[in-house]
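Working notes for the structure below.
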Amino acid sequence: MKKHKTINYWQFVLLAHLSALLAFAIVRGVQIAYSSVSLKDNTPFLEYLKCFGRGVVYDNHCSLLALVPVTLVLGIQSIIGKENKIVSKVGFWITAVFYFVEFAICCANIVYVKYQLANINFEAVKALGQGTEVLGMMTSGTYIVAFILSTFFCVGFVYLLWLLFKKFVKDGEQTRLFSIIIFIVLALLMAIGIRGRSKPKEKHIKKFQKFIGNPLNTSFAEYSDQMLLNLSAMNDFFFVEKSQAQTKKGKFKYMSNNKAEKIALRYQNYPHEADANSIKQKNHVILVLMEGMSAKVMKTFGYPKVITPFLDSIYAKSLSYCNFYSAGVITQKGMCATFSSAPTFAHFHSMEKAPRKRTVISTAYRHEGYTTQFFVPHAPTFDNVFGFFTANPFEYQYCLDDYPAKYQSLSWGAPDDYLFKFAFRKTDSLIASGVDKTLSVVYGCSNHPPYNIPDEYHKKGFSIEEAAVYYADAQLKMFYNLVRNTEWGKNALFVFVADHGRHYVSNMLASNHIPLIINHPEIQPRVDSTLGVQYDVLPTMLALTGVDYKDYRGYGIDLARSKRDTVFFGYGEKYALKTKDKLYFYSPESKYSEIWIETPEGFKNVGSKDAAFERYMKANLQYGCKFATSY
């Protein structure tokens, strides 16, 4: 058969793919090493091998996806027998950009996993468009080293790809049939690799699926009882890809809407009228949202060091909830749930739009004659924090624009010591001017990396994370004492709650388990074991302050008068149901579920299926998502 001029390119495709698999494995190894504090001691070597083995399947998908443009361009030109150098280079650079994005996301995930114990999802990637705060976080403090190394790594891989392209993509001669066969074989192998293949779990499955397997999904990474290994097995670009699909899909649909609402709200039959036993002195209400303050960093909950002396002290002198959880594991989820009593979901930004159909804290208290204030340390556009209140504005809103110039260059703006003093001065000034009822909401985020902590807090023998917690706790004490030492502040109502927790190996729920502390002279100190979530904060506050909230529209309950045996909240990309001693996880994307039981030694996996849990979970996903997106 007659030979014709063609392009030899299959060696380039093969070597580029193998190089990418090796590079992904290096990133995975660095991620595990960087977050090794989250691993159990003496983790078997086989567990690591499984992590890398499963990871190769995801890496294979991502690498082949990136190679599609250049393979398509070179393959078609090879069959035709003519090469256009410009077209070939365009195909190469599309693939190179694809690889760069994949590796950039995976490198960023190294730091993200250590802080959140969750993989970056599509919403987190979108947050990169929020500007200076995210860029500042990436290029400040110790993160600048990671940022530079990651950039070199990504650029270095693209350069290696270019060298391979120049060396192995060259003119040659072969039969047209051979060119077609090479292209078809590569296309089939790439199609199978991109689809992925995970072992079907269903007993009854269509015959053709036995041959090609199920499409690769996130459940394939769920092999270990150690979350870090499961997260590291996943290629994060694949995870972003899947979370984007759920974002496009939008709402969940498992049953009729009426049925979902009835099941989801079975615990929401609570009194809507004002509590007859509400506090009498209720003129001044202060809600403090604490960044990343997991209950697990408190001595009260078993942390080995005393890094929260104030919170431990005030916890014992207040109405404190020991089984309280955040609605999600990032700030915008915690803010949305706390301020507007709504559940949150991983596949959309919870504060992207201003809610008009549900009760919001600013409006609820303004209707009762309170002068309302909101203090954040950073820019007003970050997480759309001020835009969220467009339809329900605070009368006074303070942000980075209102603070001294020296704080403008810091990643998170004003540090807690300045922010709390500023909030105190503004509140004190309002009251001195004749205002008799105030609501002040203050969000301090000095406990968020990259940290900007005074040197004195680094000399206590603490890690940098512990020093940040210790500093944040000290500023809470300072703020509390400033208020209590005034005439108006003696009877102020303080509510302390975290936006989310922080993961620690001692407890798998540390990312969600947070303190809720309600402090007032009239409230009898006690520890309440009632299960609660952040969306319960607003109705509980309204009841305690005697606000008649018959028109209240929210997902929460008044914890002081109502009880639940199950709560629903987001756990990264998964969702959780928590009872007194059981924990149920469910992933809507993969339909993977787990059941854990809480023991004195920690959580123990006891199975994966429970019909009652699954029914209640799906009802909350469907109705909760509908409620949260009914703006």
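As numbered in the working numbering, residues 2 to 632 make up the sequence shown, in order. Just so you know, even glycine gets a beta-carbon here, dropped at the ideal spot from N, CA and C.
Using the C-alpha atoms, what's the distance from residue j back to residue i?
i	j	result
I121	V102	13 Å
Y371	M542	14 Å
K243	K575	13 Å
G54	H348	28 Å
H379	G335	17 Å
K564	T546	19 Å
H449	K86	49 Å
N258	S631	14 Å
Y255	G625	12 Å
F212	N61	Confidence at F212 is low in this model, with a pLDDT of 42, below 50, so the placement of that residue should be treated as unreliable; the coordinate-derived value is given next. Between F212 and N61, the C-alpha separation is close to 19 Å.
K202	A612	Low local confidence applies: a pLDDT of 47 at K202 is under 50, so the model's placement there is unreliable, and no value is given.
Q210	K619	Summary for Q210: the model assigns pLDDT 46, below 50, so the residue's position carries little reliability; its value from the coordinates is reported in the next sentence. Rounded to the nearest angstrom, the two C-alpha atoms are 26 Å apart.
A415	R485	23 Å
A544	R562	9 Å
D226	S591	17 Å
I515	K300	13 Å
A493	A328	27 Å
K627	A261	10 Å
I195	Y144	33 Å
A473	E292	9 Å
F614	R29	34 Å
I558	P540	6 Å
I33	C52	10 Å
N520	V496	6 Å
Could you pull the start and end residues of the beta strand (DSSP E) that residue i belongs to?
i	result
W94	Per DSSP, W94 belongs to no beta strand (DSSP E); it is in the alpha helix (DSSP H), K86 to Q117.
E595	Y593 to T600
K605	G603 to G608
V186	No beta strand (DSSP E) holds V186; the alpha helix (DSSP H) holding it covers R177 to R196.
G370	Careful: G370 lies outside any beta strand (DSSP E) and carries neither H nor E.
N621	No beta strand (DSSP E) holds N621; the alpha helix (DSSP H) holding it covers A612 to A629.
V443	T439 to G445
K637	The requested residue 637 is not part of the displayed model; the chain covers only 2 to 632.
Y399	Y397 to Y399
K579	K575 to K579
Can you give the beta carbon distance from residue i to residue j, rounded, assuming they're within the 8 Å contact cut?
i	j	result
T360	R554	5 Å
N393	E353	With a Cβ gap of about 15 Å, N393 and E353 do not count as contacting.
I8	Q78	6 Å
T96	V71	4 Å
W597	H285	W597 to H285, Cβ: 42 Å. No contact.
F465	I315	Going by the sequence as given, residue 465 is Ile instead of Phe. With 8 Å as the limit, I465 and I315 do not qualify as a contact, their Cβ atoms being about 25 Å apart.
F311	A475	7 Å
I287	S441	5 Å
F425	L483	5 Å
Does the beta-carbon distance from residue i to residue j come in below 7 Å?
i	j	result
I111	V58	no
Y587	Y556	no
M509	F604	yes
T373	F395	yes
P526	S319	yes
V186	Y10	no
V568	V534	yes
A365	F389	no
K297	A511	yes
V14	L68	yes
Y458	A468	yes
Looking only at C-alpha atoms, which of the options sits nearest to residue i?
i	options	result
F240	P344, G56, P70 and A188	G56
C337	S363, P589, L320 and L217	S363
L40	M228, C108 and D529	M228
A234	A17, G462 and L22	L22
S410	E48, N453, C63 and A328	N453
E124	G573, T580 and T600	G573
K581	Y397, K592 and D529	D529
L420	K583, V74 and V289	V289
N236	Y160, A119, I331 and I264	A119
L622	V88, A17 and T345	T345
Y408	G435, D437, V377 and V436	V377
Y322	W163, T531, L232 and W94	T531
F153	C108, K115 and Q175	C108
V436	F104, A406, R367 and T391	R367
Quick check on the DSSP output: the alpha helix (DSSP H) that includes residue i runs from which residue to which?
i	result
K167	Y144 to F169
E466	I465 to R485
T44	T44 -> no alpha helix (DSSP H), and no H or E assigned at all.
S430	D417 to A433
A34	W11 to Y35
K260	N258 to A265
A234	M228 to A234
I315	P310 to A317
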